[in-house]
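These notes are about the structure you will find just below.
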Amino acid sequence: YPLHSRAGDEEPGMELLQKYLENYYGLAKDGKQFIRKKNSSPVVKKIQEMQKFLGLEMTGKLDSSTMDVMLKPRCGVPDVGGFT
Amino acid sequence: TFPGSPKWRKNHLTYRIVDYTPDLPKESVDSVIEKALKVWEEVTPLTFSRLSEGEADIMISFAVGEHGDFVPFDGPGTVLAHAYAPGLGINGDAHFDDDEQWTEDRTGTNLFLVAAHELGHSLGLFHSANTEALMYPVYKSSTDLTRFRLSQDDVEGIQSLYGPPPASPDVPVVPTTSSSPEPESLMCSPALSFDAVTTLRGEFLFFKNRHFWRKSLRSPEPSLYLISSFWPSLPSSMDAAYEVTNRDTVFIFKGNQFWAVRGHEEQAGYPKSIHTLGLPETVGKIDAAVSDKVKKKTYFFVEDKYWRFDEKKQSMEPGFPRKIAEDFPGVDSKVDAAFAAFGFFYFFSGSSQLEFDPNAKKVTHVLKSNTWFNC
Chain A
2 YPLHSRAGDE EPGMELLQKY LENYYGLAKD GKQFIRKKNS SPVVKKIQEM
52 QKFLGLEMTG KLDSSTMDVM LKPRCGVPDV GGFT
Chain B
5 TFPGSPKWRK NHLTYRIVDY TPDLPKESVD SVIEKALKVW EEVTPLTFSR
55 LSEGEADIMI SFAVGEHGDF VPFDGPGTVL AHAYAPGLGI NGDAHFDDDE
105 QWTEDRTGTN LFLVAAHELG HSLGLFHSAN TEALMYPVYK SSTDLTRFRL
155 SQDDVEGIQS LYGPPPASPD VPVVPTTSSS PEPESLMCSP ALSFDAVTTL
205 RGEFLFFKNR HFWRKSLRSP EPSLYLISSF WPSLPSSMDA AYEVTNRDTV
255 FIFKGNQFWA VRGHEEQAGY PKSIHTLGLP ETVGKIDAAV SDKVKKKTYF
305 FVEDKYWRFD EKKQSMEPGF PRKIAEDFPG VDSKVDAAFA AFGFFYFFSG
355 SSQLEFDPNA KKVTHVLKSN TWFNC
């Protein structure tokens with residue numbers, strides 16, 4: 002039997018969000034499916050951290066204005082956390 | 005700054021452009037990088053010289069995909085470049101993604117804006133959350149290149165690492181607040197002169213080059229700010245400024261153009277030509293302006309003459325220009341700046357200030373320009 006995808010799995014932008022938070026906001030790369038915990042407190046906090054840093058409304062959700070900024074060209078240096 | 009605040013332990017740094025993008029002529033890349041370094045050179049004691057071979061402090065390269073630092077580029081878009089904090093080896097280096105279309109204008113990705121940002125990292129600045137800052141991480145294609153300047157946040161960041169540049173006594177090149185000793189000494193220099201002075205909602209603003217001192221009667225100490233930190237579109241080294249209180253608007257003049265601001269807001273539809281006010285085409289700039297809120301007249305001073313503008317009729321009055329010295333006896337020198345307060349006009353010329361009583365038509369006090377700073 003094919004595996005049924007969970008509700009929300011195909012929500013656009015989730016992969017981008019995961020990469021963005023990992024690359025620029027120090028979200029742990031623990032190999033787990035990000036989508037399953039997108040509403041979890043740590044992820045919401047990370048989204049809010051990103052929104053605050055980028056001067057966006059801190060909704061904690063992947064709204065259109067957040068998505069717009071994430072799609073814009075940017076510097077590859079992380080915005081927060083340690084730099085190696 | 006980066007964690008641990010890494011910085012260069014010397015003020016003279018070397019850079020080398022290791023390879024070039026095919027998008028631009030080599031000379032253009034050379035000149036853009038030089039210009040980007042100058043942005044930081046102007047606000048710090050740092051100086052730069054270019055090496056053509058060997059290891060430089062800042063190695064600049066264009067590359068695509070994986071390029072030897074385990075942080076691969078991602079093709080066109082998104083990541084434009086990255087750079088490393090000060091230090092040995094790869095540290096201090098700046099890498100540009102050559103899958104971008106690098107340009108000198110805004111048709112592609114503007115190399116100057118990105119290079120100035122990346123070199124900020126090379127000198128020790130981390131990203132800023134201030135959306136006006138050059139060190140904000142997201143590329144702003146709308147930046148007006150002709151009026152580019154660092155934000156107060158950028159300047160304070162880099163000066164926290166390296167301090168201000170060596171300053172001449174009359175030029176406040178240190179944009180920080182009055183809590184720092186450096187502008188204290190500049191603002192109390194006996195040689196201090198101003199480009200323009202105006203009131204703004206009950207405060208006094210004294211403009212000089214890229215900065216202004218903001219003096220409120222409520223607080224004894226003036227504060228120093230970058231003009232761009234309040235009004236990003238306004239020019240530096242302005243010629244004149246005045247407030248029309250019943251319109252809650254300050255007008256700013258430079259050359260044959262003028263701008264309008266209300267508090268922090270820059271007004272749409274500006275800059276306009278000064279000739280739209282009724283000044284003749286032969287006037288290329290004004291030296292100073294002051295508005296009398298009681299009589300609702302604004303005076304424009306140009307060399308030894310002045311024009312008078314009727315704020316009610318919004319037109320220049322007939323019978324002008326007239327000689328300044330005839331109607332303002334005692335005001336004999338060219339006027340640099342002027343403002344009105346407490347029923348007096350205050351005229352600034354070099355380091356001198358004249359308090360003029362418009363009813364008695366005479367100079368009532370001769371002062372130093374910086375008497376408002378309680379030096």
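If you read the protein sequences in the order shown, they are chains A and B.
Under my numbering, residues 2 to 85 are what the first sequence spells out, in order.
Under my numbering, residues 5 to 379 are what the second sequence spells out, in order.
For glycine and all other residues, C-beta sits at the position ideal for the given N, C-alpha and C.
> Which residues, in chain order, does the segment 107-121 of chain B contribute to contact with chain A at a C-beta distance below 8 angstroms?
Replying inline: Thr113, Val118 and His121
>> Under DSSP, the alpha helix (DSSP H) around Ser42/A begins and ends at which residues?
In response: Ser42 to Phe54
> Where in the segment 38-124 of chain B do unbroken runs of the beta strand (DSSP E), each at least 3 residues long, occur, reported from the N-terminal end onward?
Replying inline: 51-54, 62-67, 83-87 and 98-101
>> Check whether the segment 331-350 of chain B and the segment 292-312 of chain B are in contact - that is, three or more C-beta pairs closer than 8 angstroms.
In response: yes
> Distance, Cα to Cα, Gly79/B vs Val68/B?
Replying inline: 7 angstroms
> How about Ala137/B: is its C-beta nearer than 8 angstroms to some C-beta of chain A?
Replying inline: no
> Which residues in chain D sit within 7 angstroms of His86/B, going by Cβ to Cβ distance?
Replying inline: The chain inventory of the structure shown lacks chain D, comprising the protein chains A and B.
> Among Trp376/B, Thr135/B, Trp311/B and Lys300/B, which one has its Cα closest to the Cα of Ser227/B?
Replying inline: Trp376/B
> Taking C-alpha atoms, which residue in Leu127/B, Leu149/B, Phe198/B and Val254/B lies nearest to Ser164/B?
Replying inline: Leu127/B
>> Only counting the same chain, and skipping five residues up and downstream in sequence, which positions put a Cβ closer than 7 angstroms to that of Gln45/B?
In response: Checking the sequence, you will find Glu at residue 45/B rather than Gln. Same-chain partners within the cutoff: Thr51 and Phe52.
>> Counting only beta-carbon separations shorter than 8 angstroms, does Thr82/B have a partner in chain A?
In response: yes
>> As a quick exercise: from Trp12/B, Thr113/B and Lys372/B, pick the residue whose alpha carbon is nearest that of Leu384/B.
In response: Chain B is shown only over 5 to 379; residue 384/B falls outside these bounds and no answer can be derived.
> So, is His215/B buried or exposed, given that buried needs 16 or more other C-beta atoms within 10 angstroms?
Replying inline: buried
> Using the beta-carbon of each residue, which ones in chain A are nearer than 8 angstroms to His125/B?
Replying inline: Cys76 and Val78
> Going by beta carbon distance, what residues of the same chain come within less than 8 angstroms of Gly282/B, once the five residues before and after it are set aside?
Replying inline: Trp311, Phe313, Ser319 and Met320
>> Let me confirm a value: Cys76/A is counted as buried when at least 16 other C-beta atoms fall within 10 Å, else exposed. Which label applies?
In response: buried
>> Please give me, in chain order, every unbroken run of the beta strand (DSSP E) with length at least 3 that falls completely inside the segment 289-314 of chain B.
In response: 292-296, 301-306 and 309-314
>> 8 angstroms is my cut-off, CB to CB: does Tyr2/A come that close to chain B?
In response: Any answer about Tyr2/A is weak, because its pLDDT of 42 lies below 50 and its placement is not dependable; what the coordinates show is given next. It does not: the Cβ of Tyr2/A has no partner Cβ on chain B nearer than 8 angstroms.
> Nearest-angstrom Cα distance between Leu63/A and Ala98/B?
Replying inline: 31 angstroms
> How long is the line joining the alpha carbons of Pro170/B and Ile162/B, rounded to whole angstroms?
Replying inline: 15 angstroms
> Leaving out five residues before and five after Val43/B in sequence, what residues of the same chain have Cβ atoms less than 7 angstroms from its Cβ?
Replying inline: Ala120 and Leu154
> Does DSSP put Asp361/B in a helix, a strand or coil?
Replying inline: strand
> If you compare alpha carbons, which of Pro333/B, Tyr19/B, Arg13/B and Ser65/B is closest to Pro49/B?
Replying inline: Arg13/B
> Looking only at its own chain, which residues have a Cβ that is under 6 angstroms from the Cβ of Asp130/A, when we skip the five neighbours before and after it?
Replying inline: Here chain A comprises residues numbered 2 to 85, so residue 130/A is not present and cannot be evaluated.
> Listed in chain order, which residues of the segment 48-67 of chain A have Cβ atoms closer than 8 angstroms to some Cβ of chain B?
Replying inline: Lys53, Phe54, Leu55 and Gly56
> When we look at the beta-carbon of Pro173/B and count the other beta-carbons within 10 Å, is it buried (16 or more) or exposed?
Replying inline: Model confidence at Pro173/B stands at a pLDDT of 42, short of 50, so the residue's coordinates are unreliable and nothing is read from them.
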